[in-house]
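Q:
Number of protein chains: 4
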Amino acid sequence: MNKKIINVAIVGVTGYGGLELLRLLHNHPTVHVVSIHNTSNDSEDISVSYPHLQSMYKITPTPFDPLHIMQSTDLVFFATSSGVSKDLVQLFIEANFPVIDLSGDFRLNAPDYEIWYKKTPASQSLLDQANYSLADFYQNDSHYIANPGCYATATLLALAPLAQQQLLDQENIVIDAKSGLSGAGKSLNLSSHFINVNENFSMYKPNHHQHIPEITQQLKHWQATIDHIQFTTSLLPINRGIFVSAYVKLTKQLSADTLQKIFEDTYKNKPFVRVMPKDQLPDIKQVVGTNFADIGLTYNPNTKYLTIVSVIDNMIKGAAGQAIQNMNHLFNLDETTGLQLIAQYA
Amino acid sequence: MNKKIINVAIVGVTGYGGLELLRLLHNHPTVHVVSIHNTSNDSEDISVSYPHLQSMYKITPTPFDPLHIMQSTDLVFFATSSGVSKDLVQLFIEANFPVIDLSGDFRLNAPDYEIWYKKTPASQSLLDQANYSLADFYQNDSHYIANPGCYATATLLALAPLAQQQLLDQENIVIDAKSGLSGAGKSLNLSSHFINVNENFSMYKPNHHQHIPEITQQLKHWQATIDHIQFTTSLLPINRGIFVSAYVKLTKQLSADTLQKIFEDTYKNKPFVRVMPKDQLPDIKQVVGTNFADIGLTYNPNTKYLTIVSVIDNMIKGAAGQAIQNMNHLFNLDETTGLQLIAQYA
Amino acid sequence: MNKKIINVAIVGVTGYGGLELLRLLHNHPTVHVVSIHNTSNDSEDISVSYPHLQSMYKITPTPFDPLHIMQSTDLVFFATSSGVSKDLVQLFIEANFPVIDLSGDFRLNAPDYEIWYKKTPASQSLLDQANYSLADFYQNDSHYIANPGCYATATLLALAPLAQQQLLDQENIVIDAKSGLSGAGKSLNLSSHFINVNENFSMYKPNHHQHIPEITQQLKHWQATIDHIQFTTSLLPINRGIFVSAYVKLTKQLSADTLQKIFEDTYKNKPFVRVMPKDQLPDIKQVVGTNFADIGLTYNPNTKYLTIVSVIDNMIKGAAGQAIQNMNHLFNLDETTGLQLIAQYA
Amino acid sequence: MNKKIINVAIVGVTGYGGLELLRLLHNHPTVHVVSIHNTSNDSEDISVSYPHLQSMYKITPTPFDPLHIMQSTDLVFFATSSGVSKDLVQLFIEANFPVIDLSGDFRLNAPDYEIWYKKTPASQSLLDQANYSLADFYQNDSHYIANPGCYATATLLALAPLAQQQLLDQENIVIDAKSGLSGAGKSLNLSSHFINVNENFSMYKPNHHQHIPEITQQLKHWQATIDHIQFTTSLLPINRGIFVSAYVKLTKQLSADTLQKIFEDTYKNKPFVRVMPKDQLPDIKQVVGTNFADIGLTYNPNTKYLTIVSVIDNMIKGAAGQAIQNMNHLFNLDETTGLQLIAQYA
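Protein chains in written order, with full-length UniProt numbering: chain Y, 1 to 346; chain V, 1 to 346; chain U, 1 to 346; chain F, 1 to 346.
#1: Helix, strand or coil for V:Tyr247 per DSSP?
#2: So the beta strand (DSSP E) U:Arg274 belongs to, where does it begin and stop?
#3: For the beta strand (DSSP E) containing U:Asp176, name the first residue and the last one.
#4: From Y:Pro148 to Y:Leu134, what distance separates their C-alpha atoms?
#5: Using the beta-carbon count (16 or more within 10 Å), is U:Asn291 buried or exposed?
#6: Could you have a look at U:Ala152 and say whether DSSP puts it in helix, strand or coil?
#7: Taking the beta carbon of V:Thr225 as the centre, do at least 16 other beta carbons fall within 10 Å, making it buried, or is it exposed?
#8: Can you give me the start and stop residues for the beta strand (DSSP E) that F:Asn131 sits inside?
#9: Taking only beta-carbon positions, decide if U:Val287 is within less than 8 Å of chain F.
#10: Taking all protein chains shown into account, decide if U:Pro111 is buried (16 or more other Cβ within 10 angstroms of its Cβ) or exposed.
#11: Going by other Cβ atoms of all chains shown within 10 Å of its Cβ, with 16 needed for buried, is F:Asn109 buried or exposed?
#12: Please go through the same chain and pick out, in chain order, the residues whose beta-carbon is closer than 8 Å to the beta-carbon of Y:Ser234, but skip the five residues on each side of it.
#13: For U:His32, which three-state DSSP category applies?
#14: Give a yes or no on contact between the segment 149-156 of chain V and the segment 308-324 of chain V, applying the rule of three or more CB pairs nearer than 8 Å.
#15: With a cut-off of 8 Å, do at least 3 Cβ pairs link the segment 10-18 of chain V to the segment 71-81 of chain V?
#16: May I ask you to report which of helix, strand or coil DSSP gives F:Ala9?
#17: Could you tell me the boundaries of the beta strand (DSSP E) in which Y:Thr298 lies?
#18: So what does DSSP say about V:Thr225, is it helix, strand or coil?
#19: Locate the alpha helix (DSSP H) running through U:Val48, then write down its first and last residues.
#20: Using a Cβ-Cβ cutoff of less than 7 Å, which residues in the same chain neighbour F:Leu259 once the five nearest sequence positions on both sides are dropped?
#21: For F:Gly338 and F:Asn27, I'd like the C-alpha separation in whole angstroms.
#22: On the DSSP bridge list, what partners appear for U:Ile312?
#23: At what residues does the alpha helix (DSSP H) containing Y:Ser125 begin and finish?
#24: For U:His52, return the contacting residues in chain Y, with the cut-off set at a CB-CB distance below 9 Å.
#25: With distance defined between alpha-carbon atoms, name the residue in V:His221, V:Asn302, V:His143 and V:Ile238 nearest to V:Gln166.
#26: Contact criterion: CB-CB distance below 8 Å. Does V:Gly241 meet it with respect to chain Y?
#27: Check the C-beta distance from U:Asn207 over to U:Phe243 and give it rounded, since I have them as a contact under 8 Å.
#28: Could you tell me which chain A residues have their CB closer than 8 Å to the CB of F:Phe201, listed as they occur along the chain?
#29: With 8 Å set as the bound, which would you pick, yes or no: does the beta-carbon of V:His228 sit closer than that to a beta-carbon of chain Y?
#30: May I ask you to report which of helix, strand or coil DSSP gives F:Tyr117?
#31: Looking at the unbroken alpha helix (DSSP H) that takes in F:Phe92, where does it start and where does it end?
#32: I want to know whether the segment 114-134 of chain V touches the segment 83-91 of chain V - three or more CB-CB distances under 8 Å.
#33: Taking the Cβ atom as the reference point for each residue, do Y:Asp279 and Y:Val287 lie within a distance shorter than 8 Å?
#34: Please state the DSSP three-state secondary structure of U:Gln230.
#35: Suppose contacts are defined by Cβ-Cβ distances below 8 Å. Is Y:Gln139 in contact with F:Arg274 by that definition?
#36: Given this structure, state the Cα-to-Cα distance separating F:Gly12 from F:Glu44, to the nearest angstrom.
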């Protein structure tokens, strides 16, 4: 294990993703957060803006300066909203400087980005240098890591064992995905007002959530016949957690035991994916506060649907935790470094 | 409209369903609750056991006596747990006395009841005299009304327009149903402990909820080719509300506008089912506190799945409200009598 | 009981208070909502803006026109934010036309209003024609009813029996008041964002909530020596409900039984205030959805503090319900008309 | 700093306190959990009973054997319910073996324990060998540490600066304390059923919570004239967190600035107590997931009441975190070792 201190910078530190990076990195034994940067040019100590950080962090945002960042750090995290990093990273890419981008700006090709994000994409040549990296299937050959989206992570981990074995029936992939509010970010709007969320449940963006193209793209990478999924997203009245209910049919008739084994084999050497015993399904509490993805499955021989449940903490496994896991890979550390987290439970 | 006072008795008044009946009947202009009965022989004024009823109800449970009930009332409600009414109703059935049963004891034929409820059913001859009655499609020819289950109500209302037109593709009916805790009842167990429910979401009884056979039975009644559905139930960390996400394929290619029209036509004269404008989906808050079922739909031409969302208040439309609506039908009152309820909203 | 239909107008119908008035008035047997008015000149049917009202209300806001309102209605409700009604009501006051104002604009004298609301008050001569009316102690001699604030209602009902008997020790009145979010209104700000409210509790406006002067003013009316109270407000992560914990010392040594009797006697003919049995304290669930105020007390002989707990539904007893109760009084109806509501319980 | 590994045993590992100890100790750099013991003789791997521990802990409870524990560990934690440790610890006390007891069994003298816990106490001679240890004011001279209760911790930290300066007015100490559900433990009863807690708030045990005597005892230790407090406890519909609102009068007239300085001076070298800027009050979210106690104060010159707000995470600062902080003291480690936790925030 490489014991050298990794100096990092974080751009976009006041969104939930950036604050979660700060929180998790505090306990990483070999990382030192050297500088933080806001696009809003804040110059107040972070613990003044965020009292919960008092006594734990004493650091003031400094102006965003790529050359200075490349000189003083080993890696920069972008925890910015969509549409921001694409305009800020050119120098890093040209210098082959390590970047982990938590936004969606480098996950897709240019045409898809334009369609799904309704914004001007980065150039295709820049996009080509980025690598979409599900940390549990790390195969990176680039210094620009596009960290996957939260729903995409939970969904891909649920389907990977089947897709990798060419088992998904393209015409029968139904994903009913649900997330807590932190996934929606800090902005103040009707849909985040307590009165509209509390004691409520609603489906938003059926069929058009921006995570659909990255899920499809990755599934196709594993199983070439996949190019669309029936995918909806709904809002749970909780702070954190994603619960994906996937209903799929398979290209082959397989017993429940065989299916269980396929999942166990896929994940047996992947420390952050825990497969439940056969027919046991996980709940959100098991993973909130951790970098785990818990997966359970149950097969219905009458309907021929396999139900797969996949749960993650959207801020950790779905964002900052996966980013740190990717960083560990990039720097040849044990991938669990700084991520040994146990669920809060009560 | 019949102005005559309807005297009623309620058996099983201390579960959530019975208490909800008491609450709603208080505001019914032509109903008088004459007597309440517990299987536990409680003899304390109901407002002592339930302080929230003080000043509103002053009534003490009396022993269950079918002959006395038949003499002093016009109708008896059973709001008992499953497995109770089947042993108590014989005299009522033989006398053709009006009964509205909120439990599952008379919804199925004997073999199905035994399989799904794991209890000894009532005799088939008694079961034959009951009528499973979705109040919005009231076609009753019996004095024994088996009030549908909550999940079943939300699901059947979502699918009725398609089933009635033979449009459901039997191999592609996926229902992801979610309910608040009141649906689980008052009993104290791990799954109702606040710490296990709050900030959590979990799937329970995938593929084996007792509402599956009554849904299938009713769908088959409309569309003879239907005899299984892919149906899971999950627990939402809220008090009330059911949210059904149905993902179905159709036997015919139809435009989204045509599908919208089919739903609007089916429900145009049904005062308690509100169809949202095209592509607008309802949320739970719209219906909690009311007897409405709100339905919305959206079609994905890539995947060919039609997504239907159906929301109800599980205690009202899914239980006590539907029971009263059935009662209004039975006594030839306007079906909205006493059920003119507006959602609480904030 | 006067059976004549009361035609009403509502000004400010899109805030939570206005929507709650619409909801409650729908079930009032002798009220007809003739017109609704917004200060924003909305001209969309209310059920389009608020889908939960579909099938229940079909009414479009019309421009605010006092002369037209006075010609076509018997009463106008103002459910506007503070600072609005004071500029709109002059013609009504001059014509002695019945007004029930849910805002704070006419609860205080001009100097107090200016200090606490930081706005220009209505003229003292207009203010003098208004009557601050706690509906449970209705003694109105004016057609302009200033409906009390929610915290003020819960607090005054908790203290009235003692103040009316000159029993409060001025130097020992501590009120720790807590409310659900609906009390804060619809505006989008940090303090109403789900992530900041959920799983949280916070004290806001300690010592400076606008309800302090109206509480003090009314207490002084009963017991002339009272002119300040130690009063803080905190935010509960729930939709509705106010829970007031009052800790007071008394000017006389009285037994717990005597104190209990004083409360029972004060409220025995007041249908909407329920006093719990001695040492039994109410919780919020008992009253949400109702116009009840439930009160319990318990005395500590060691500390000499009497603890009084008072709970109400802030939108009903704390706003729209009390407004309707005042209206019933004004029109000589039984004060419970249209307010026979039972708590939702589950 | 002592780098030697501290081997520990935990007795009572399946309650929330024990599970929280396991969770926090996992990240303590110099602690190794050697054995865990249940009073129920469970012999299933802890990660089978508690799936959230999978991959993080592989340890099976073994029978409780004091001699074996003393041979194989350096310290034993008792995270048992009240009434259990008092019967199990004699050998440890006689051997002067380090014990940290999270229960209330050794916090009080024998007569007080009997009155408040309604159980037979340990013998006074055993009780005399224990030390009630608020970790932030560590002054331990015993190997038997009685870890303070959660409410007591939050309350004592709020009042210590004043008591230590003889400033509390005995006749005016009003504490309105509120806690999330995890403080009530795992047992299944009406008061922990989701339907009774959610969207609700209630006051339980006014004037008779078992933490009252330990608060009074410690206050008296600082300020000899204190021997009673007006103390109530209420239940918040959240998982974790305690919010204490203290309303006190002082024996001297002091300015708000002076009072602020007294608090800041008291806590300036105590890393886990953060005093907010003057008139700024903390909320629960700032501390959940951490070992911090955040305190804020604001003075009302009209009423002469000083309002102090103190917030903690009841499972961490109020139980397991404080236990570990006491352990760090006992073993001469930096008291923050293994407790460098940042609030979850979103």
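We put the CB at the ideal spot given by N, CA and C, even for glycine. Everything numeric in this text was worked out from a predicted model, so none of it was measured.
A: According to the data block:
#1: strand
#2: Val273 to Val275
#3: Leu168 to Ser179
#4: 6 Å
#5: buried
#6: helix
#7: exposed
#8: Ala130 to Tyr132
#9: no
#10: exposed
#11: exposed
#12: Asp176, Ala177, Lys178, Ser179, Phe201, Ser202, Met203 and Tyr204
#13: strand
#14: yes
#15: yes
#16: strand
#17: Ala293 to Asn300
#18: coil
#19: Ile46 to Ser49
#20: Leu297, Tyr299 and Leu306
#21: 6 Å
#22: U:Ile242
#23: Gln124 to Leu127
#24: Here the premise fails: no neighbours, minimum Cβ distance about 11 Å.
#25: V:His221
#26: yes
#27: Not really, about 19 Å apart at Cβ, beyond 8 Å.
#28: In the structure shown, chain A cannot be found, because the protein chains are Y, V, U and F.
#29: yes
#30: helix
#31: Gln90 to Glu94
#32: yes
#33: no
#34: strand
#35: no
#36: 14 Å
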